[in-house]
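2 protein chains.
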Amino acid sequence: MSHADQSLRERILQTSRTLLYSQGHLALSMRSIAKEVGVSATSIYLYFDNKDHLLHTLIEESVEELSVFIEDKVLQATTVVDKFTENIRAYVEFALTNPEKYQIIYNVHPEAMSRYPKEKFRKARRCYELLVGFIEEGVAKGLMEVANPVIAAYSIWAQLHGVVSVVINQRLDNRIDRDLFVQESLDHIVQGFLVRSTV
Amino acid sequence: MSHADQSLRERILQTSRTLLYSQGHLALSMRSIAKEVGVSATSIYLYFDNKDHLLHTLIEESVEELSVFIEDKVLQATTVVDKFTENIRAYVEFALTNPEKYQIIYNVHPEAMSRYPKEKFRKARRCYELLVGFIEEGVAKGLMEVANPVIAAYSIWAQLHGVVSVVINQRLDNRIDRDLFVQESLDHIVQGFLVRSTV
DNA sequence: TAGAATGGGTTAACACTGTTAACTTAACGA
DNA sequence: TCGTTAAGTTAACAGTGTTAACCCATTCTA
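As given, the protein sequences belong to chains A and B, one line each in that order. Sequential numbering from 1 applies to the first sequence in the numbering used here. Sequential numbering from 1001 applies to the second sequence in the numbering used here.
Put into structure tokens, the structure is as follows:
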């Protein structure tokens, strides 16, 4: 019974994830995964072309999870502005409460990313299109002012990534409170797009 | 004459830099450096504790170069707002025109960073303190509105890093023009801090 | 001036890494 | 029962960072 409950492929993915979370991505070698699964290292190659392919599959999973998380949070908001801010807030919340999963998406082998087809990021684009929609709606209703919603959404995403990276990678100055930093950064990013009526 | 002109230490650093720029950081191994320098791999250990130490020295150099570049650009500006925006613009300009050097700072072995003392980033903090100064001056003159200049400066830095990373790591959507994206992102980041008098 | 110590390098080796080729072994279809 | 296929194995290659032991010329000292 080598394929007890899960298939070997699933067991490899699950073990990789666990190993990645617990030991960090430096400890993630084909042999370490195989040892944990209880199989030979080369067996992994029966299901994945190479390590990049394996990592990329993991990334896809994390992206999917992030998307679902954001979509769920956004559904609970009512107004456009709320959905917009909730989208942004949820992104950061996911990243900061699941730093390991977030790291998988952005920090694990950036060189592996460039080697793989961009089409695979369709899922990631899903919740990004969501944001574009909110901005377009906000602009239509005169609540936001932005030149190009598509670019704006990407810009927001990039800025959020920057804020999150700094926090996660612990590059933040000791003198600065983490939560305050995140809060003020988000405020600035969000407020920059809203028409100043409430202020 | 083993120490012909430069010391061996300097030749190792120079070669590492060149190798890093031309081949990417995946190709940077102790043996590849040594081979290029014309010396045995273990000789590197006479001048650097380990590979992390070597990389960290390279990072320090890039940080220094970035600082000097920004300081130089800022000196050419006159008004506070100009200095502020020029500081931001210069950061991005350096990153996009010297992606390899920028990558050294942020992308080369992030795990190596956490192992090294934060004090070494004093130099990086130099041009960061510069930005804090501009913000404080801007606030004092009623040109900018920000709650906490120190946090604001860090937030700007993080957001810029995000924008730059997305561009450099080619995670930008094909449909989006690179320069336009950078320009709009910068506009948004800068405008978010200025008091809306000119708009 | 002979001998010890030292600075600046060397080679050999260890324990890892991703990956490939060749082999085994069990199950299944004709 | 034979041939084929699927799913796994072991052995090996070339590369990695790093350490230990050694060599050798220069310099300091008795």
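Note that CB positions come from ideal geometry on N, CA and C, so glycine has one too.
- [ ] Spell out a yes or no on whether the segment 1080-1088 of chain B and the segment 1031-1042 of chain B are touching, meaning 3 or more CB-CB pairs, one atom from each, closer than 8 Å.
- [x] no
Task: Residue nearest to Tyr1154 of chain B in terms of C-alpha spacing, selected from A:Ala153, A:Leu143, A:Gln183 and A:Glu129 - done: Here the question's residue 1154 of chain B lines up with position 154 in the second sequence. Nearest of A:Ala153, A:Leu143, A:Gln183 and A:Glu129 to Tyr1154 of chain B, Cα basis: A:Gln183.
Task: Neighbouring residues, chain B, relative to Glu184 of chain A (Cβ below 8 Å) - done: Numbered from its first residue, the first sequence carries residue 184 of chain A at position 184. The contacting residues are Ala1147, Asn1148, Ile1151, Ala1152 and Ser1155.
Open item on the list: Using the Cβ count rule (16 or more neighbours within 10 Å means buried), how would you classify Gln1159 of chain B?
Closed with: Within the second sequence, the letter at position 159 stands for residue 1159 of chain B. Here Gln1159 of chain B is buried, its C-beta having at least 16 other C-beta atoms within 10 Å.
- [ ] In angstroms with no decimal places, state the Cα-to-Cα distance between Phe1193 of chain B and Leu8 of chain A.
- [x] For the purposes of this step, residue 1193 of chain B is identified with residue 193 of the second sequence, where counting begins at 1. For the purposes of this step, residue 8 of chain A is identified with residue 8 of the first sequence, where counting begins at 1. Answer to the nearest angstrom: the Cα atoms are 53 Å apart.
- [ ] Could you have a look at Leu1143 of chain B and say whether DSSP puts it in helix, strand or coil?
- [x] Within the second sequence, residue 1143 of chain B is the residue found at index 143, counting from 1. Coil, per DSSP.
- [ ] Run the CB neighbour count on Lys1101 of chain B, radius 10 Å, all protein chains shown included, and call it buried at 16 or more, exposed below.
- [x] On the second sequence, position 101 is the one that residue 1101 of chain B refers to. Answer is buried; the Cβ neighbour count reaches 16.
Task: Where Leu194 of chain A falls: helix, strand or coil (DSSP) - done: Stepping through the first sequence from its first residue, residue 194 of chain A is reached at position 194. Residue state, collapsed to three classes: strand.
Open item on the list: Does the contact criterion of 3 or more C-beta pairs under 8 Å hold for the segment 1135-1146 of chain B versus the segment 1058-1071 of chain B?
Closed with: no
Open item on the list: Tell me whether the segment 1008-1025 of chain B and the segment 1050-1067 of chain B touch, counting them as touching only if at least three CB pairs, one residue from each stretch, are closer than 8 Å.
Closed with: Yes: at least three Cβ pairs fall under 8 Å.
- [ ] Taking Thr1018 of chain B as part of the alpha helix (DSSP H), name the residues at either end of that continuous run.
- [x] By one-based count along the second sequence, residue 1018 of chain B stands at place 18. Where Thr1018 of chain B is concerned, the enclosing alpha helix (DSSP H) stretches over Leu1008 to Gln1023.
Task: Residues near Ser1062 of chain B in its chain [Cβ-Cβ closer than 7 Å; skip 5 each side] - done: If you number the second sequence from 1, residue 1062 of chain B lands on position 62. These residues qualify, in order along the chain: Lys1101, Ile1104 and Ile1105.
Open item on the list: Can you look up Gly133 of chain A in the DSSP assignment and give me helix, strand or coil?
Closed with: The residue you call residue 133 of chain A lines up with position 133 of the first sequence. Note: Gly133 of chain A maps to helix in three-state DSSP.
Task: Short CB-CB distance (under 8 Å) between Gln1191 of chain B and chain A - done: Locating residue 1191 of chain B in the second sequence gives position 191, counting from the first residue. At least one chain A Cβ lies under 8 Å of Gln1191 of chain B.
Task: Member of B:Ser1029, B:Glu1065 and B:Leu1180 whose CA lies at the smallest distance from the CA of Asn1050 of chain B - done: As a first step, residue 1050 of chain B is located in the second sequence; it is residue number 50 there, counting from the start. Per the Cα distances, B:Ser1029.
Task: Contacts of Ser165 of chain A in chain B (Cβ-Cβ under 8 Å) - done: For the purposes of this step, residue 165 of chain A is identified with residue 165 of the first sequence, where counting begins at 1. The contacting residues are Ala1158, His1161, Gly1162 and Ser1165.
TODO: Taking only beta-carbon positions, decide if Asp179 of chain A is within less than 8 Å of chain B.
DONE: Counting from 1 along the first sequence, the entry for residue 179 of chain A is found at position 179. Answer no: the Cβ-Cβ gap between Asp179 of chain A and chain B never drops below 8 Å.
TODO: Give the single residue among B:Leu1131, B:Leu1180 and B:Ser1022 whose Cα lies nearest to the Cα of Pro149 of chain A.
DONE: Counting from one through the first sequence, the residue named residue 149 of chain A turns up at place 149. Selected option, being the one with the closest Cα: B:Leu1180.
Open item on the list: At 4 residues or longer, what runs of the alpha helix (DSSP H) sit wholly inside the segment 49-111 of chain A?
Closed with: 51-75, 80-97 and 99-106
Open item on the list: Please state the DSSP three-state secondary structure of Asp177 of chain A.
Closed with: For the purposes of this step, residue 177 of chain A is taken as residue 177 along the first sequence, with counting starting at 1. Note: Asp177 of chain A maps to coil in three-state DSSP.
Task: Test: His1200 of chain B CB closer than 8 Å to a CB of chain A - done: No answer is possible for residue 1200 of chain B: it lies beyond the span of chain B, which begins at 1001 and ends at 1199.
TODO: Would you mind telling me which residues of chain A sit closer than 7 Å to Ile1176 of chain B, beta carbon to beta carbon, in chain order?
DONE: The residue you call residue 1176 of chain B lines up with position 176 of the second sequence. Here the neighbours are Val150, Ile151 and Tyr154.
Task: Proximal chain B residues relative to Asp173 of chain A, where beta-carbon distance stays under 7 Å - done: Against the first sequence, residue 173 of chain A aligns to sequence position 173. Simply Tyr1154.
- [ ] Counting only the same chain and skipping the five closest in sequence on each side, list residues whose C-beta sits under 8 Å from that of Val80 of chain A.
- [x] The residue you call residue 80 of chain A lines up with position 80 of the first sequence. Around Val80 of chain A: Phe134, Glu137, Gly138, Lys141 and Leu143.
Open item on the list: Taking 6 Å as the limit between beta carbons, can you name the residues of its chain near Ala152 of chain A, skipping five residues before and five after?
Closed with: Position 152 of the first sequence, counted from the first residue, corresponds to residue 152 of chain A. Closer than 6 Å at Cβ, skipping near neighbours: Ile135 and Val146.
Open item on the list: Rounded to the nearest angstrom, what separates Glu36 of chain A and Tyr21 of chain A at their Cα positions?
Closed with: Position 36 of the first sequence, counted from the first residue, corresponds to residue 36 of chain A. Position 21 of the first sequence, counted from the first residue, corresponds to residue 21 of chain A. Their Cα atoms are separated by approximately 14 Å.
Task: For Gln1159 of chain B, the first and last residue of its enclosing alpha helix (DSSP H) - done: As a first step, residue 1159 of chain B is located in the second sequence; it is residue number 159 there, counting from the start. Gln1159 of chain B -> alpha helix (DSSP H) spans Pro1149 to Ile1168.
- [ ] Could you check which residue in A:His161, A:Leu19, A:Leu186 and A:Gly24 has the C-alpha nearest to that of Val1167 of chain B?
- [x] For this step, residue 1167 of chain B is matched to residue 167 along the second sequence. Among A:His161, A:Leu19, A:Leu186 and A:Gly24, the Cα nearest to that of Val1167 of chain B belongs to A:His161.
Open item on the list: Quick check: the Cα distance between Ile1033 of chain B and Phe1048 of chain B, rounded to an integer number of angstroms?
Closed with: Residue numbering aside, residue 1033 of chain B sits at position 33 when the second sequence is read from its first letter. Residue numbering aside, residue 1048 of chain B sits at position 48 when the second sequence is read from its first letter. Each residue's Cα considered, the two are about 13 Å apart.
Open item on the list: Classify Arg1171 of chain B: buried if its beta carbon has 16 or more other beta carbons within 10 angstroms, exposed otherwise.
Closed with: For this step, residue 1171 of chain B is matched to residue 171 along the second sequence. So Arg1171 of chain B ends up on the buried side.
Task: Status (buried if at least 16 other CB within 10 Å, exposed otherwise) for Ile26 of chain A - done: Counting from one through the first sequence, the residue named residue 26 of chain A turns up at place 26. Correcting the residue identity first, residue 26 of chain A is Leu in this sequence and not Ile. Flag for Leu26 of chain A reads exposed.
TODO: Using a threshold of 8 Å, state whether the C-beta atoms of Tyr1019 of chain B and Val1092 of chain B are closer than that.
DONE: The residue labelled residue 1019 of chain B in the question sits at position 19 within the second sequence. The residue labelled residue 1092 of chain B in the question sits at position 92 within the second sequence. Note that residue 1019 of chain B is Leu in the sequence shown, not Tyr. Between Leu1019 of chain B and Val1092 of chain B, the C-beta gap is not smaller than 8 Å, which leaves the two residues out of contact.
TODO: May I ask you to report which of helix, strand or coil DSSP gives Gly38 of chain A?
DONE: In the first sequence, counting from the first residue as 1, residue 38 of chain A sits at position 38. Here Gly38 of chain A sits in coil by DSSP.
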